[in-house]
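Residue numbers for the sequence shown follow UniProt numbering, beginning at 1 and rising by one. The C-beta atom is built at its ideal place from N, Cα and C for all residues, glycine as well. Here's the structure we're looking at; comments come further down.
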Amino acid sequence: MNLYALRLFVEVAKQQSVSKAASLLSISQPAVTAQIRKLERELGIRLFHPHGRGIRLTDHGQFLLEKSIQLFSLEKQIESELRQILQGESGILRLAATHLPSAIWLPQWMARFKQNHPQATLQLKRGNTEQTLQLLLRYEAELAIIAGSWEHNQIERQLLFTNHWWFVVHPSHPLANRTVDLAELVQYPFIWRETGSSSREKLIEICHNHQVSLPTIGLELNGLFECIQAVKAGYGVFFVPDRAVRSEIANGLLTRVFVQKVHLTQPVCLCRRKDDSLSPLAQKFVTLIQE
């Protein structure tokens, strides 16, 4: 169907006159008439009847007018929504994050962003370091916030801030608030994160670098805050980023164990694919978290 002819038809139907429509559109009357007749031949229907000095729609013409108005209204809506997407005012922003950022920072950032961009849709998926990287690489997320040390040749990262690693226990633990060496600490059962998590990999690295045996796996849980809850319940040692447990330490629910010669930090990075440009919506989200 010729959309140009359809637009002319709509204007003729509104004016109930070919000459008036031609004048408004700055087109010759014969050209408008030719397009209407061509449209009638294409559709196999008659669109207008003569009516006095003007014309009126046939039943088929009335049907086509109603559908044409809907069509061009939808066209305007599509154009408007596309402009909003290109301007970063609407669309879907898919985010991914490891456990700590998804619990502490992302909810605040997402709420602020939504207040400023109410037409935008934000989606967040959570996982350990490896899972979050895979979400980026599989194009299931456009941006990721990852806490932990890692390298990947397809991912670009920007440091946001730095955490410190702490060993924490329940206040009733024999090592609560004590200073010990690592060899003594690993004699006690630990709570381990799942394979692929930065805390598990970092703990293994520390033990290897200090040439001590890996601690016993007393419990193995999937998720940072699940592990924290287990320690608060009174079991084991957990190796954790400080920002995840500062309130528990301050409120006496957990206690640190200070380990000689072990002082480690954890970067928290904004991550994106190197081979992909950011959408306008993602660019605005990056600006917000960098403020």
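So the beta strand (DSSP E) residue i belongs to, where does it begin and stop?
{"i": "Lys261", "result": "From DSSP, Lys261 is part of no beta strand (DSSP E); its letter is neither H nor E."}
{"i": "Arg273", "result": "265 to 273"}
{"i": "Gln115", "result": "Run containing Gln115: none in the beta strand (DSSP E); it sits in the alpha helix (DSSP H), 106 to 116."}
{"i": "Ala120", "result": "120 to 126"}
{"i": "Arg94", "result": "91 to 97"}
Using the three-state DSSP reduction, which class does residue i fall into: helix, strand or coil?
{"i": "Gly54", "result": "strand"}
{"i": "Ala147", "result": "strand"}
{"i": "Ala141", "result": "coil"}
{"i": "Thr132", "result": "helix"}
{"i": "Leu253", "result": "coil"}
{"i": "Gln77", "result": "helix"}
{"i": "Cys60", "result": "It is worth fixing the name first, because residue 60 is His in this sequence and not Cys. Looking at His60 - three-state DSSP - the assignment turns out to be helix."}
{"i": "Asp242", "result": "helix"}
{"i": "Ser277", "result": "coil"}
Whole angstroms is fine: what's the gap from residue i's alpha carbon to residue j's?
{"i": "Arg138", "j": "Asp242", "result": "31 angstroms"}
{"i": "Phe9", "j": "Ile36", "result": "6 angstroms"}
{"i": "Ser172", "j": "Glu140", "result": "44 angstroms"}
{"i": "Ile204", "j": "Leu214", "result": "7 angstroms"}
{"i": "Ser26", "j": "Leu86", "result": "33 angstroms"}
{"i": "Thr98", "j": "Leu82", "result": "32 angstroms"}
{"i": "Lys20", "j": "Asp59", "result": "22 angstroms"}
{"i": "Lys67", "j": "Glu75", "result": "12 angstroms"}
{"i": "residue 293", "j": "Glu79", "result": "Because residue 293 is not part of the residues shown, which for the chain are 1 to 291, the question remains open."}
{"i": "Val32", "j": "Val18", "result": "7 angstroms"}
{"i": "Arg272", "j": "Ala282", "result": "10 angstroms"}
{"i": "Ser197", "j": "Ile249", "result": "23 angstroms"}
{"i": "Leu64", "j": "Ala120", "result": "35 angstroms"}
{"i": "Lys202", "j": "Arg126", "result": "20 angstroms"}
{"i": "His170", "j": "Ser199", "result": "19 angstroms"}
{"i": "Gln131", "j": "Asn251", "result": "32 angstroms"}
{"i": "Val12", "j": "Gln77", "result": "23 angstroms"}
{"i": "Glu194", "j": "Leu71", "result": "53 angstroms"}
{"i": "His263", "j": "Asp181", "result": "12 angstroms"}
{"i": "Leu143", "j": "Trp192", "result": "28 angstroms"}
{"i": "residue 295", "j": "Glu291", "result": "Residue 295 falls outside the range modelled here, since the chain spans only 1 to 291, and no answer is possible."}
{"i": "Thr179", "j": "Phe225", "result": "25 angstroms"}
Go to residue i, then tell me how far its alpha helix (DSSP H) extends in each direction, as first and last residue.
{"i": "Ile204", "result": "198 to 209"}
{"i": "Pro280", "result": "280 to 290"}
- With contact counted as at least three CB pairs below 8 angstroms, one residue from each stretch, are the stretch 23 to 41 and the stretch 103 to 114 in contact? No, they do not touch.
- beta strand (DSSP E) runs wholly inside the stretch 154 to 240, at least 3 long, in chain order: List check, beta strand (DSSP E) in window: 155 to 169, 190 to 193, 217 to 221.
- Query: Could you give the uninterrupted runs of the beta strand (DSSP E) lying entirely in the UniProt domain "HTH lysR-type" (1 to 58), keeping only those of 3 residues or more?
  - Reply: Given a length threshold of 3 residues, each whole run of the beta strand (DSSP E) inside the UniProt domain "HTH lysR-type" (1 to 58) is given here in chain order: 48 to 51, 54 to 57.
- Item | Segment contact flag, the stretch 180 to 188 with the stretch 214 to 228, C-beta cutoff 8 angstroms, min 3 pairs | Yes, they touch.
- Specify whether the stretch 258 to 274 and the stretch 155 to 173 touch according to this definition: at least 3 beta carbon pairs, one from each stretch, less than 8 angstroms apart. Short answer: they touch.
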